[in-house]
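Below: one structure, written as structure tokens.
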């Protein structure tokens, strides 16, 4: 079947050349493993942020945001982080499959293992506060974060639906003034409000009620808004809201 | 002379190590696999002899260039069959065509297939012999290749897994499906007669 002397021809062609050095292959292997580990780590970071956003959602007042719990979940799902998680898991499984012995494992087993690692590592990271740190750091540095990624900000700017959140900047008797998430000043009337705590200056709060006029909000319920360092009060020396002059 | 005789008795893996020290030793590996690989390529690719020889050269050159990447946990035969498989696939891609007329040695594979497929009672052996080539050609390429490796090259599941770089479970599934498709084509041919 084979007429030419292949052995001789091959030896002639490879004469003077050497096999590729071992380090080239080792480097490629290590690079594939490294990218796989990085992807798993990023997947875990995404998962820790998903956990943070899930547990720090407005579950206590979801009926005010949407009557239907499923619609509320649909509205507040952290899609961006879920897409990131899926992306990093895909990259991780691709890299694991392309390691030297990766082909020996069934695809679904690699995917399940990647998801399991992301979940376990992500839960540990969440427990030490990494999820919160990521959410807060990105929220303060990425301008579009709250528009597209963490919808909480948008939800609490719906004053026409009776939802307002902001940082307490001053108090006037029972009423107080807050700087809303979009930077506007609001006088919050608390006469008819259920208020299970006493808000302090600089504290983020959620107000449920109705808009009574331009910059005036009649609260029916006032709740704390913990774990939102991105809602910091700006430095203020003097402000004037609806005729009330406040000097700090 | 004694050195040469000793080399012939060495395993492939040992010759690989010696080749890394002296290029000339690679000829022993070429001589061992030249015929086996050309037969394998012909069975799965349907290429003519000239193209097979060119492809064989490419395979051996590639094997030599990547000799430092040979994993001693694998059999050398699995590793070089893998290179051959990949080269055939890349040939298909270059030509943008898959094989049509492949080469089968019907007598050699008949016994293997009859024994393993449990079809001897259902189909007349002479009929099978006459139609085997035609039936094998009708089978999908992905199934045909595992049939070649299992029943003609007589590789075990582990070796097929290493050659095709697929998990053993997937190899088993492919072989089962290949058998089913083979039986189905066989029955269709029997009915159509």
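Chains as they are written, first to last, in this note's numbering: chain B, 1 to 248; chain W, 1001 to 1193.
Note that CB positions come from ideal geometry on N, CA and C, so glycine has one too.
If you follow the alpha helix (DSSP H) that residue i is part of, which residue opens it and which one closes it?
{"i": "residue 124/B", "result": "107–127"}
{"i": "residue 102/B", "result": "Here residue 102/B belongs to no alpha helix (DSSP H), and DSSP marks it neither H nor E."}
{"i": "residue 49/B", "result": "22–55"}
{"i": "residue 131/B", "result": "130–141"}
{"i": "residue 1021/W", "result": "1012–1021"}
{"i": "residue 77/B", "result": "Neither: residue 77/B is in no alpha helix (DSSP H) and is coded neither H nor E."}
{"i": "residue 1060/W", "result": "1049–1065"}
{"i": "residue 1086/W", "result": "1076–1095"}
{"i": "residue 1037/W", "result": "1026–1045"}
{"i": "residue 1142/W", "result": "1141–1147"}
{"i": "residue 13/B", "result": "6–14"}
{"i": "residue 1158/W", "result": "1157–1164"}
{"i": "residue 62/B", "result": "62–65"}
With respect to the beta strand (DSSP E) encompassing residue i, which residues constitute its N-terminal and C-terminal limits?
{"i": "residue 186/B", "result": "185–189"}
{"i": "residue 169/B", "result": "163–172"}
{"i": "residue 219/B", "result": "216–224"}
{"i": "residue 159/B", "result": "No beta strand (DSSP E) contains residue 159/B, which DSSP labels as neither H nor E."}
My assumption, with CB atoms under 8 Å, is that residue i sits in contact with residue j. Please give the rounded CB distance.
{"i": "residue 1181/W", "j": "residue 1143/W", "result": "6 Å"}
{"i": "residue 1055/W", "j": "residue 1044/W", "result": "In fact, because the Cβ distance is near 11 Å, the residues do not count as touching under 8 Å."}
{"i": "residue 92/B", "j": "residue 114/B", "result": "5 Å"}
{"i": "residue 189/B", "j": "residue 175/B", "result": "5 Å"}
{"i": "residue 215/B", "j": "residue 186/B", "result": "6 Å"}
{"i": "residue 35/B", "j": "residue 117/B", "result": "About 15 Å; that fails the 8 Å criterion."}
{"i": "residue 1161/W", "j": "residue 109/B", "result": "With a Cβ gap of about 14 Å, residue 1161/W and residue 109/B do not count as contacting."}
{"i": "residue 167/B", "j": "residue 203/B", "result": "7 Å"}
{"i": "residue 1146/W", "j": "residue 1174/W", "result": "5 Å"}
{"i": "residue 43/B", "j": "residue 88/B", "result": "4 Å"}
{"i": "residue 211/B", "j": "residue 159/B", "result": "5 Å"}
{"i": "residue 61/B", "j": "residue 208/B", "result": "6 Å"}
{"i": "residue 19/B", "j": "residue 1065/W", "result": "6 Å"}
{"i": "residue 1061/W", "j": "residue 119/B", "result": "Not quite, the Cβ-Cβ distance comes to about 47 Å (not below 8 Å), so this is no contact."}
{"i": "residue 165/B", "j": "residue 206/B", "result": "5 Å"}
{"i": "residue 170/B", "j": "residue 193/B", "result": "Between residue 193/B and residue 170/B the Cβ distance is about 17 Å, and since that is not below 8 Å, they are no contact."}
{"i": "residue 181/B", "j": "residue 141/B", "result": "Not confirmed; about 16 Å, so no contact."}
{"i": "residue 1025/W", "j": "residue 1018/W", "result": "4 Å"}
{"i": "residue 1078/W", "j": "residue 1159/W", "result": "5 Å"}
{"i": "residue 1007/W", "j": "residue 1028/W", "result": "6 Å"}
{"i": "residue 53/B", "j": "residue 150/B", "result": "6 Å"}
Which partner residues of residue i appear in the DSSP bridge assignment?
{"i": "residue 178/B", "result": "168/B, 186/B"}
{"i": "residue 208/B", "result": "163/B, 221/B"}
{"i": "residue 213/B", "result": "216/B"}
{"i": "residue 194/B", "result": "221/B"}
Would the beta-carbon of residue i be found less than 7 Å away from any heavy atom of the ligand GTP?
{"i": "residue 134/B", "result": "Judged by which ligands are present, the structure shown has none, so any question about the ligand GTP falls away."}
I want to know whether the stretch 45–53 of chain B touches the stretch 124–143 of chain B - three or more CB-CB distances under 8 Å. The stretch 45–53 of chain B, when compared against the stretch 124–143 of chain B, does touch it at the 8 Å Cβ threshold.
Does the stretch 1157–1171 of chain W come within contact of the stretch 1081–1097 of chain W, defined as at least 3 CB pairs closer than 8 Å? The stretch 1157–1171 of chain W, when compared against the stretch 1081–1097 of chain W, does touch it at the 8 Å Cβ threshold.
At least three beta-carbon pairs within less than 8 Å, the stretch 1053–1070 of chain W to the stretch 1085–1092 of chain W: Using a C-beta cut-off of 8 Å, the stretch 1053–1070 of chain W makes contact with the stretch 1085–1092 of chain W, since at least three inter-stretch Cβ pairs fall below that distance.
Can you confirm whether the stretch 1071–1078 of chain W touches the stretch 1010–1018 of chain W when touching is taken to mean that 3 or more C-beta pairs between the two stretches lie within less than 8 Å? Segments in contact, yes.
Measuring CB atoms only, is the stretch 1131–1138 of chain W touching the stretch 58–75 of chain B, in the sense that at least three cross pairs come out at less than 8 Å? The stretch 58–75 of chain B and the stretch 1131–1138 of chain W do not touch, with fewer than three beta-carbon pairs separated by less than 8 Å.
Does the stretch 53–69 of chain B come close enough to the stretch 5–23 of chain B that 3 or more CB-CB pairs lie under 8 Å? Fewer than three pairs of CB atoms, one per stretch, sit closer than 8 Å, so the stretch 5–23 of chain B makes no contact with the stretch 53–69 of chain B.
Say whether the stretch 24–33 of chain B touches the stretch 97–111 of chain B, bearing in mind that this needs 3 or more beta-carbon pairs closer than 8 Å, one atom from each stretch. Flag = yes, the stretch 24–33 of chain B and the stretch 97–111 of chain B touch.
When the Cβ atoms of the stretch 114–133 of chain B are set against those of the stretch 12–25 of chain B, are three or more pairs found closer than 8 Å? Taking one beta carbon from each stretch, the stretch 114–133 of chain B and the stretch 12–25 of chain B have fewer than 3 pairs nearer than 8 Å; the two do not touch.
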